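A quick write-up on the structure given underneath.
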Ligand SMILES: [Zn+2]
Ligand SMILES: [Zn+2]
Ligand SMILES: [Zn+2]
């Protein structure tokens, strides 16, 4: 037997270490090694004091680093010699609140298997209780108002624990030790069912009442983790159609929730990676390919090969889905473009006339958070909306940066705050175009600033002068440094940041709308970029957008603009099918294009996709952003390998290459006149875009020697384009970087803005 010297050590642990069962783990591990001392939550993480033989302290340290609970995410451990105080036992001390708040807050976590088992056990005291949770699961970010993560700083502060819950909470051996939302039917939150006018329905069990209504084809607004959902039976066509009619959401796909993977397989294909995503404790909406079954009502996701699917993530969802539903539509409870509703009263007011009843509860939601949306493309996870389950986990940066606030753009807005090497990209805020969303934008900035304790030294925002987010930035008098950032530079910088690149890179930014440095609307830009700046090396030759924003809502206008660019006035004689329904508007629109009346120029790839969608008869008008381009992608014939010609012309005045669309458009018109299958035309067009972007990229590579290529912008949500570009560039021995942490769309933009501001603050120049 060897005897080790007694000693003491102090350990500071940072990361996601609060509210994830870390202190019970520390307590149990200390007891296992018979060590004395204490553990406490601080505003910077967790502090551990250990006393005992040195070899056992080392064994403890090893266990700490390698065997922490699954939700713990350690970013830093600092250990230093301590003073032996003669502690008689190992204890958990009250939290210490200090001035520096550097701890990371856990995202919301889906209900764990143990809690589900308890909830389904008729002998358990929480049988059928929809607010069951433990340190391994439950709400976090959505109920936290301040740090440290203790009950008084959460929306559970008004619920006083009963003796039995308190005993669990106080017992380090219990799974609910310091589980802040711990509750039971005696002391915790409760459900209420109210009718469409907000009157409580007291003669029925709220849960069973809501289930009965949905079984009868009615629509129920259900209060969830980060906001309300509007729910109905996804197999009931009448119910789904009624929801569309009432919500005035004609065609945008609805997400569905099914009880388990077996039910999902009844209507969708699921590969192993998608299975893992669906089952992960994040429980995002995953876009899955539909199968041929037509099991769900067609109107759930019309004209779409994909369907957004999630598994239950709260105990309440589990209870509802266990009562015989194969799939429920679960769409955000909001009207038009307003943020998702979180308050019970607001739900009844704002969703009046949409929901037949409201299943509410009395645990407040402090921070609204939409469901995250993920698509698995080319072997990687691609977030389309990064929100619940991900936020507020930071994106870890390669270098430390000054404190920055980045305000994002307009649509799919997020904001970003930086602290050291952490970039906190907020939850999805939405389209900051109206007052409620603008207020939510401001609330999120204030809340996140408080939680991570950051006072920004610089504020970054989109170059577009009219965005509300840009106006907000310019109005902030307490931040001296203000930096407008070009939209596509920010896209490329976001992708560089998450891939830990410093540049220079060849950045291919493809999307719908971004304000260019020349005052035109950019959207297909090949840049040589680093964080300090960029040169625009190639672009899509711009064409007019007749009517400005109206041309986004009505793709036929863009189709006409493309035709005019190629055929001039003679384009009306082409008599293409898409012209038929808009015949009477054509001369007026031609006049606008010709005379450039309210027709800003755009080099947007999104608008070119819209044009081709209209030309091929996919649709003349859209009811949600990106609809025409998405449907064009959905109908592409995968077997087609042909492409159209394209033309790249050096523009001496602008020192770059302009990609001319003329041969593409005339090729498509020729195919239309020869009655070529539209699925073939769609795929030929996709192939052409991949080839032309690859060509310009290779030319820039030959001239500059840069072999790192970054793909960003909303167009890279298109799986044919993304997969094709990765294949084609990789075959040409270039290294390709894509988004896997933040969205390629404008949801990732704030991260890029922050990185460009960091470079600006560091005084780098290109
Ligand atoms: Zn649990
Ligand atoms: Zn209780
Ligand atoms: Zn964009």
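In this note's numbering, the protein residues as written are 149 to 914. Even for Gly, the Cβ is constructed at its ideal location relative to N, Cα and C. In this text the structure is predicted, and so the values were computed from the model without any measurement.
Check                                                                                                                             : Outcome
Contact under 9 Å by Cβ, residue 857 with residue 870                                                                             : no
Three-state secondary structure (DSSP) of residue 322                                                                             : coil
Contact the region 502 to 511 vs the region 330 to 341: 3+ CB pairs below 8 Å                                                     : yes
Cβ neighbours of residue 911 in the same chain (closer than 7 Å, five flanking residues each side left out)                       : none
Chain-order list of residues whose beta-carbon lies under 8 Å from that of residue 447 (same chain, five-residue window excluded) : 385, 388, 389 and 392
Under 5 Å, CB to nearest heavy atom of ligand 2: contacting residues                                                              : 310, 313, 332, 334 and 335
For residue 546, the three-state DSSP class (helix, strand or coil)                                                               : strand
Distance, residue 774 Cα to residue 259 Cα                                                                                        : 34 Å
Three-pair Cβ contact test at 8 Å for the region 715 to 730 versus the region 743 to 753                                          : no
First and last residue of the uninterrupted alpha helix (DSSP H) at residue 726                                                   : Careful: residue 726 lies outside any alpha helix (DSSP H) and carries neither H nor E.
heavy atom of ligand 1 below 8 Å from residue 286 C-beta                                                                          : yes
Start and end residues, alpha helix (DSSP H) containing residue 622                                                               : 616 to 623
Residue 358 burial status per 10 Å Cβ neighbour count (16 or more: buried)                                                        : buried
Inside the region 270 to 336 only - alpha helix (DSSP H) runs reaching at least 4 residues                                        : 311 to 318
Inter-residue Cα distance where the pair is residue 356 and residue 762                                                           : 47 Å
Nearest-angstrom beta carbon gap, residue 676 and residue 852 [assumed within contact, 8 Å]                                       : 6 Å
Reduced DSSP secondary structure (H/G/I, E/B, other) of residue 671                                                               : strand
Residue 179 versus residue 238 - alpha carbon distance                                                                            : 7 Å
Complete runs of the beta strand (DSSP E) confined to the region 517 to 590 [at least 3 residues]                                 : 521 to 525, 528 to 533, 543 to 549, 552 to 554 and 564 to 573
Which listed residue (855, 379, 673 and 317) has its alpha carbon closest to that of residue 651                                  : 855
6 Å Cβ shell around residue 633 - same chain, five flanking residues per side excluded                                            : 608, 901 and 904
Closer than 8 Å: residue 661 CB and nearest ligand 3 heavy atom                                                                   : yes
DSSP three-state assignment for residue 914, whether helix, strand or coil                                                        : Confidence is the limiting factor: at residue 914 the pLDDT is only 37, short of 50, which leaves the residue's position unreliable and the question unanswerable from this model.
Closer than 8 Å: residue 281 CB and nearest ligand 1 heavy atom                                                                   : yes
Under 9 Å between C-beta atoms of residue 163 and residue 222                                                                     : yes
First through last residue of the beta strand (DSSP E) which encompasses residue 166                                              : No beta strand (DSSP E) holds residue 166; DSSP gives it neither H nor E.
Which residues DSSP lists as bridging residue 480, in chain order                                                                 : 377
C-alpha gap between residue 271 and residue 483, whole angstroms                                                                  : 42 Å
Any beta strand (DSSP E) of 3 or more consecutive residues that is wholly inside the region 212 to 253                            : 221 to 229 and 238 to 240
Those runs of the alpha helix (DSSP H) which lie wholly inside the region 459 to 508 and span at least 4 residues                 : 463 to 469 and 492 to 498
Exposure of residue 898, with buried meaning 16 or more beta-carbon neighbours within 10 Å                                        : buried
Backbone CA spacing between residue 475 and residue 454 [nearest angstrom]                                                        : 15 Å
Top-ranked residue by Cα proximity to residue 287, from 227, 255, 506 and 183                                                     : 255
DSSP three-state assignment for residue 350, whether helix, strand or coil                                                        : coil
Between the CA atoms of residue 403 and residue 194 - distance to the nearest angstrom                                            : 39 Å
Pair within 9 Å by beta-carbon distance, residue 516 and residue 664                                                              : no
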